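The block underneath contains the structure these notes are about, expressed in structure tokens.
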Amino acid sequence: MGGQPRYLWVADMLRRPILNGELAPGSRLPSRSRLARTHHVSEQVSRHALRLLVSEGLVEARPGSGYYVRPVPQIHRFSRTDRASGSGVEPLHREELGTLTVKVNDLVARRLTLRDGEMVYRSRSLGLADGAPVALHTAWEPMVLTQGTLRTPADAEPGTGVLDRLGAAGVIIDRVVEEVGVRPLREPEATLLQLAPGLPVLVVERTHFNGQRPVETSDLVGSVDHCRLLYRLSLARPPKKGR
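For the sequence shown, this note's numbering assigns the number 463 to the initial residue and increments by one for each residue that follows.
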């Protein structure tokens with residue numbers, strides 16, 4: 463063990479068989495007392511080791527039952543480098559939650575360069591896999607852009623992307639800015655995703671521009687266990703040297 467804390471050494475003794483497949487998903491791990499006896503450490507050391515593996519996402523604690531190897535989560539990849547990447551929750555099954563007119567709050571107002579309290583369309587949709595919610599997409603759009611037309615988020619044909627819908631209204635989107643981060647899950651996101659508030663989630667903040675004017679902004683919120691962002695980058699080939 464050298465100078466390594468004993469709980470890290472015990473955690474490594476468990477981590478290796480999990481990662482190499484010796485302990486299959488769903489396998490029950492030894493109890494804290496059994497780990498302590500096997501590795502000649504205190505139960506406090508074995509408790510810290512198990513909690514570390516829980517924090518790493520390799521193990522789950524089941525109250526009253528013990529610690530188990532976590533199942534390998536199903537990964538869903540969201541393409542961010544093509545025209546369809548602005549369509550929200552694809553490739554998941556999309557469940558529309560509707561469009562409301564709301565007063566914009568401070569954070570979204572700054573992203574849309576609006577005054578706090580101006581009216582926007584807010585549209586929400588859930589991304590489902592095998593009937594379970596995996597991702598939530600929320601979009602905000604200034605009402606002034608399409609109000610009184612059939613190009614509002616509420617009136618457009620289902621499946622119409624924001625580029626085509628606003629383009630048909632004469633608002634050409636020519637630039638997209640996207641920022642990716644991780645933050646704690648908030649309500650009502652937690653209720654819609656059937657997750658506990660405060661859990662870390664992946665968040666993609668995407669804003670569409672017409673010139674320098676932001677015309678729509680959205681949040682894609684998804685479980686860090688199940689969601690990945692896929693980027694494809696084309697690299698210019700260096701010119702061939704003359705013979």
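From the three backbone atoms N, C-alpha and C, an ideal C-beta is built for every residue, glycine too.
As the structure is a computational prediction, the values presented were derived from the model and not from experiment.
What residue range is occupied by the uninterrupted beta strand (DSSP E) comprising residue i?
i      : result
Ala597 : 594-604
Ser517 : No beta strand (DSSP E) contains Ser517, which is instead part of the alpha helix (DSSP H) from 505-517.
Leu664 : 662-672
Ser585 : 581-591
With DSSP as the reference, please indicate the residues paired to residue i in a beta bridge.
i      : result
His538 : Cys689
Val531 : Val521
Asp681 : Thr600, Glu667
Arg490 : Tyr530
Arg675 : Asn672
Between residue i and residue j, is the Cβ-Cβ spacing less than 7 angstroms?
i      : j      : result
Thr600 : Val639 : no
Ser517 : Arg494 : no
Tyr530 : Arg478 : no
Leu598 : Leu647 : no
Leu514 : Ala473 : yes
Val666 : Val642 : yes
Pro659 : Ala652 : yes
Glu558 : Val582 : no
Ala511 : Ser504 : no
Leu692 : Ser541 : yes
Val551 : Gly610 : no
Pro535 : His688 : yes
Arg694 : Thr543 : yes
Leu576 : Val566 : yes
Leu657 : Val686 : no
Phe671 : Arg637 : yes
Assuming residue i is part of the alpha helix (DSSP H), what are its boundary residues?
i      : result
Arg468 : 468-481
Should residue i be flagged as near chain C, meaning a C-beta pair shorter than 7 angstroms?
i      : result
Leu697 : This model lacks chain C altogether, as it is built from one protein chain only.
With residue i and residue j assumed to form a contact (beta carbons below 8 angstroms), what rounded beta-carbon distance in angstroms separates them?
i      : j      : result
Arg573 : Thr679 : 4 angstroms
Arg532 : Arg690 : The Cβ separation is near 17 angstroms, so there is no contact.
Ser585 : Thr563 : That belief does not hold up - the Cβ atoms of Ser585 and Thr563 are roughly 11 angstroms apart, past 8 angstroms.
Ala631 : Thr608 : 5 angstroms
Gly673 : Val596 : Between Val596 and Gly673 the Cβ distance is about 35 angstroms, and since that is not below 8 angstroms, they are no contact.
Arg627 : Arg613 : 6 angstroms
Pro447 : Thr500 : The structure shown does not extend to residue 447, since the chain is modelled only from 463 through 705, so no value can be given for it.
*Note down, one range per segment and in chain order, each beta strand (DSSP E) of at least 3 residues found wholly within the segment 546-578.*
Listed in chain order, they are 555-565.
*Let me know the alpha helix (DSSP H) ranges lying completely inside the segment 626-656, each 4 residues or longer, listed in chain order.*
If only complete runs of 4 or more residues are kept, the segment 626-656 shows the alpha helix (DSSP H) at 651-655, in order along the chain.
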